[in-house]
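Colleague: Okay, so the sequence shown: first residue is 2 according to the numbering used here, each after it adds one.
All residues carry an ideal CB built from backbone N, CA and C; glycine is no exception.
Here it is, the structure in full.
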Amino acid sequence: MRILFFTNHLPKITMFLLLFLFSGIETVSAISSFFDYLPKYRKFKSHYQIDKIEYQEKRTIIHFRYVVQESGSATFYNGNHPNSWYLRTPPRMRGLEIQFKQLEVANIAINNEVKRSSLTNVPEISYDLKRGDVVTCQVHFVRIPRYIRMLDLIEGKDGHLDQDKFNCFDIMIKTKENPLLGKSENMLAVVNRFEKSFNYIKPKVSEEATLASTNSSTRPTTSSAPTSSSIRPSTTASTTRPRTTSTRPSTTSTPREVVNIIQNPEPIDYMPGALSAVGDLECNTRVYLPNVVFKENETKFSGRVKAIQNIRYVVEYVNTYAEARINLYGHTDIHGNPRKNLDLSRERALAVKRELVNMGVNPNKISVFFFGGSQPLPKYRNGGGANRRVEVEPICSNKN
2 MRILFFTNHL PKITMFLLLF LFSGIETVSA ISSFFDYLPK YRKFKSHYQI DKIEYQEKRT
62 IIHFRYVVQE SGSATFYNGN HPNSWYLRTP PRMRGLEIQF KQLEVANIAI NNEVKRSSLT
122 NVPEISYDLK RGDVVTCQVH FVRIPRYIRM LDLIEGKDGH LDQDKFNCFD IMIKTKENPL
182 LGKSENMLAV VNRFEKSFNY IKPKVSEEAT LASTNSSTRP TTSSAPTSSS IRPSTTASTT
242 RPRTTSTRPS TTSTPREVVN IIQNPEPIDY MPGALSAVGD LECNTRVYLP NVVFKENETK
302 FSGRVKAIQN IRYVVEYVNT YAEARINLYG HTDIHGNPRK NLDLSRERAL AVKRELVNMG
362 VNPNKISVFF FGGSQPLPKY RNGGGANRRV EVEPICSNKN
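Written out as structure tokens, the structure reads:
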């Protein structure tokens, strides 16, 4: 009788469980998205600001605003331009520098009139601006990992040295539980005070077109798929230098190693071959060094003699193909602190580079990349010592 009861009601129970599961998924997605209406940061000038920061499931979006100080033009560039924005960890933080490349700029508006919702396959676009125009846009990055607590928004390569750039320093990266997120009315009040401080601001097309329409909703304003041809603004030619609102941030005297985080890391979908002879090295193909082994949380070779023998194959290849360059890829296991894993993977790749240089390879021919535990081997997606590895890839324009 009991078996008959469960058999007869199995479809209903299954349907109930499925509905419960999907509702749970929607709840998790909703929890992962929120707004910071009271962003905390420092800046060089008073004529620009961050209105709010939007944390979506897969993206972080900075809503940016500035008042044109002098008539001129503003140019928006695609993602590969050196004048594009990027996020970085502040220089005073020790260790490696983590950078996040901008994915796109969306909803470019002048005086609340949207000029472009997004740009694709266009290298750049310019707009003529007049003194008092208010320009707003949304700057897209990948979702910032939880272990990062502070970032700088920098406009262009070496832009941190230029006080005419639209830079924001020490941006606090908040979580949904942070009590200082504020509400939409707090943001509106800040924007009103900001614009009232400029008595030459131009009248807008609609006073609430771009602010009131974005309340607690966390829907993406543009397509969530990143595009390499998205655009970014560079407006240094159309701005002058008003009073400074903060002191210039200090910079470190020694350069830091930089890791660029362009997209959310995912496990690799292939199993690299093992390097056991020079013939295993082929152009633009990764192999791993099976005898370059590391113990947990270690950056020294576990079995140095075998490791050196393995590395010699790379030296022989470079001596044979003088035009080839070498890429080294450092990895850790999936467990542990993500920031520490990045450091470990970097040091492991650098350990191999040092041996190559000691054996006569030009250091300028060697590039180092490191991924922490974000790219486990397919066989060890759930963890394993084999993930602690260094991969080698010869880079050459023509197949050797």
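(1) Taking only runs of the alpha helix (DSSP H) that begin and end inside the stretch 125 to 206, which ones reach a length of at least 4 residues, in chain order?
(2) Pair every Cβ in the stretch 139 to 155 with every Cβ in the stretch 59 to 66, then say whether three or more of these pairs are closer than 8 angstroms.
(3) Can the beta-carbon of Ser-72 be found less than 8 angstroms from the beta-carbon of Arg-132?
(4) Within 10 angstroms of the Cβ of Gly-386, are there 16 or more other Cβ atoms? Answer buried if so, exposed if not.
(5) Is DSSP giving Lys-116 helix, strand or coil here?
(6) Helix, strand or coil, according to DSSP, for Phe-370 in the structure here?
(7) If you follow the alpha helix (DSSP H) that Glu-356 is part of, which residue opens it and which one closes it?
(8) Does the distance from the CB of Asn-328 to the CB of Ile-396 come in under 8 angstroms?
(9) Under 8 angstroms between the Cβ atoms of Lys-53 and Met-188?
(10) Tell me, please, whether the CB atom of Cys-284 is closer than 8 angstroms to any CB atom in chain D?
(11) From Ala-325 to Leu-39, what does the alpha carbon distance come to, in whole angstroms?
(12) Output the distance between the C-alpha atoms of Ser-119 and Val-106, rounded to the nearest integer angstrom.
(13) Have a look at Phe-370 and Val-316 and give me their C-alpha separation to the nearest angstrom.
(14) Which residue wins for smallest C-alpha separation from Gly-384, given the options Gly-373, Thr-76, Val-393, Glu-392?
(15) Rounded to whole angstroms, what is the Cα-Cα separation between Lys-41 and Gly-160?
(16) Put Arg-60 into one of helix, strand or coil per three-state DSSP.
(17) Buried or exposed: where does His-64 fall if 16 or more other Cβ atoms within 10 Å of its Cβ makes it buried?
(18) Quick check on the DSSP output: what are the complete alpha helix (DSSP H) runs of length 4 or more inside the stretch 265 to 326, in order along the chain?
(19) Could you tell me the distance, in whole angstroms, from the CA atom of Ser-127 to the CA atom of Asn-179?
(20) Among the residues of its own chain, which have a CB less than 8 angstroms from the CB of Pro-83, if the five just before and after it don't count?
(21) Asn-84 by DSSP, collapsed to three states: which one?
(22) Under 8 angstroms between the Cβ atoms of Ile-335 and Cys-169?
(23) Would the beta-carbon of Tyr-330 fall within 8 angstroms of that of Leu-282?
(24) What are the boundary residues of the beta strand (DSSP E) that Ile-396 is part of?
(25) Let's test the definition: count the other Cβ atoms within 10 Å of the Cβ of Pro-379 and tell me whether it reaches 16, buried, or not, exposed.
(26) Val-293 and Gly-274 - do their beta-carbons sit closer together than 8 angstroms?
(27) Can you determine whether any heavy atom of the ligand FMN sits closer than 7 angstroms to the C-beta of Cys-138, and answer yes or no?
(28) Reducing DSSP to helix, strand and coil, say where Tyr-381 ends up.
(29) Mark Ser-74 as exposed unless 16 or more other C-beta atoms lie within 10 angstroms of its C-beta, in which case mark it buried.
Modeller: According to the structure data:
(1) 185 to 197
(2) yes
(3) yes
(4) exposed
(5) strand
(6) Of the three classes helix, strand and coil, the one that applies to Phe-370 here is strand, per DSSP.
(7) 339 to 359
(8) yes
(9) Yes, the pair counts as a contact, with Cβ atoms nearer than the cut-off.
(10) As a matter of chain content, chain D is missing from the structure shown, which is built from one protein chain.
(11) 51 angstroms
(12) 7 angstroms
(13) 19 angstroms
(14) Gly-373
(15) 20 angstroms
(16) When secondary structure is reduced to three states using DSSP, Arg-60 falls in the strand class.
(17) Burial is judged here by how many other beta carbons sit within 10 angstroms of a residue's own beta carbon; His-64 has at least 16 and is buried.
(18) Those alpha helix (DSSP H) runs which fall completely within the stretch 265 to 326 and span 4+ residues are 305 to 321.
(19) In a straight line, the C-alpha of Ser-127 is about 38 angstroms away from that of Asn-179.
(20) Gly-157, Lys-158
(21) Annotated three-state conformation of Asn-84 is coil, per DSSP.
(22) no
(23) no
(24) 391 to 396
(25) exposed
(26) No, these two residues do not count as a Cβ contact at 8 angstroms.
(27) The ligand FMN is not part of this structure, which contains no ligands at all.
(28) helix
(29) exposed
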